[in-house]
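For reference, the structure is listed below as structure tokens.
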Amino acid sequence: MSTRARGAAKTAAIGGVVRVSFDGRPLEASPGQSVGAALTSQGITAWRATRKGERPRGLFCGIGVCFDCLLTVDGSANQRACLVEVREGMEIEGSCREDPSEETGGRA
252 MSTRARGAAK TAAIGGVVRV SFDGRPLEAS PGQSVGAALT SQGITAWRAT RKGERPRGLF
312 CGIGVCFDCL LTVDGSANQR ACLVEVREGM EIEGSCREDP SEETGGRA
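For reference, each letter of the sequence shown is one residue, going 252 to 359 in this note's numbering.
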């Protein structure tokens with residue numbers, strides 16, 4: 252059994268599935284997972300790019316300090332994927348609509 256199949260079986264056994272979409276693609280997550288953990292568990296490790304150099308960004312610190320994991324959740328831009336818990340029907344977009352450097356003091 253693959254790692255992904257074991258993960259799906261474990262999720263079903265401990266209390267269900269939360270259905271979300273990422274850039275229009277349906278995904279399943281475990282209840283209580285952060286958006287970042289849900290994306291990473293599906294093999295999605297980068298969901299935005301830096302303004303300079305277009306370097307990929309995703310989870311880095313995992314505790315809300317670095318702002319590398321910014322994305323759009325249900326139309327609200329610049330949400331930290333590591334801090335937002337998945338909810339049924341959540342729509343997640345990988346590219347922030349606003350310039351994240353404004354919120355992060357110049358770091359992008």
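For glycine and all other residues, C-beta sits at the position ideal for the given N, C-alpha and C.
Please identify the residue among L334, G340, S346 whose C-alpha is closest to the C-alpha of A328.
S346
Option in D319, I314, K303, G267 with minimal Cα separation from A297
D319
From this set, G275, R308, L321, P282, which residue's C-alpha is nearest E336's C-alpha?
P282
Between C333 and I295, what straight-line distance do the alpha-carbon atoms span, to the nearest angstrom?
14 angstroms
Could you name the residues that DSSP lists as bridge partners for V269?
Partner(s): A280.
Whole-angstrom distance between G267 and G326, CA atom to CA atom
In this model, G326 and G267 are separated by some 26 angstroms (Cα to Cα).
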